[in-house]
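First residue of the sequence shown: 27, per my numbering; consecutive thereafter.
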Amino acid sequence: MKIDLPALEAFVSVAEFGSFTRAAHHLNLSQTAVTHRIIKLERNLGAKLLRRSTRDVTLTRAGSELLPKLKIILSDLHAEM
27 MKIDLPALEA FVSVAEFGSF TRAAHHLNLS QTAVTHRIIK LERNLGAKLL
77 RRSTRDVTLT RAGSELLPKL KIILSDLHAE M
């Protein structure tokens with residue numbers, strides 16, 4: 027599987043901000059672009075990472091397990107750049 031860095035960053039942002047809208051603003055993207063990245067990531071991983079409702083976004087169990095690992099990986103990648 028090809029690693030989709032923008033999708034991973036979108037997931038981390040949505041998880042941290044608890045909102046697709048706030049994550050999109052932080053990433054300087056449209057909400058639709060962030061949504062598409064998350065959908066693609068979930069499809070590639072074969073697991074739902076986020077629970078969406080009209081009021082909030084929460085992590086699924088898979089999302090909760092993935093988030094701390096991704097934060098470390100992304101932090102290391104950004105430090106290398």
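Using N, Cα and C, we set each Cβ at its ideal position, and we do this for glycine too.
Would you mind giving the Cβ-Cβ distance between residue i and residue j, rounded to the nearest angstrom? I have them listed as a contact below 8 Å.
i, j, result
"valine 40", "alanine 33", "Not confirmed; about 11 Å, so no contact."
"aspartate 30", "leucine 75", "That pair is no contact at about 13 Å."
So what does residue i bridge to, in DSSP terms?
i, result
"valine 83", "Arg78"
Could you give the distance in angstroms between the alpha-carbon of residue i and the alpha-carbon of residue j?
i, j, result
"glutamate 106", "isoleucine 99", "11 Å"
"aspartate 102", "arginine 63", "21 Å"
"leucine 53", "alanine 36", "8 Å"
"threonine 58", "threonine 86", "21 Å"
"threonine 84", "leucine 96", "17 Å"
"leucine 71", "leucine 92", "11 Å"
Please state whether DSSP places residue i in a helix, a strand or coil.
i, result
"serine 90", "helix"
"isoleucine 29", "coil"
Mind checking residue i: buried by the 16 CB within 10 Å criterion, or exposed?
i, result
"glycine 89", "buried"
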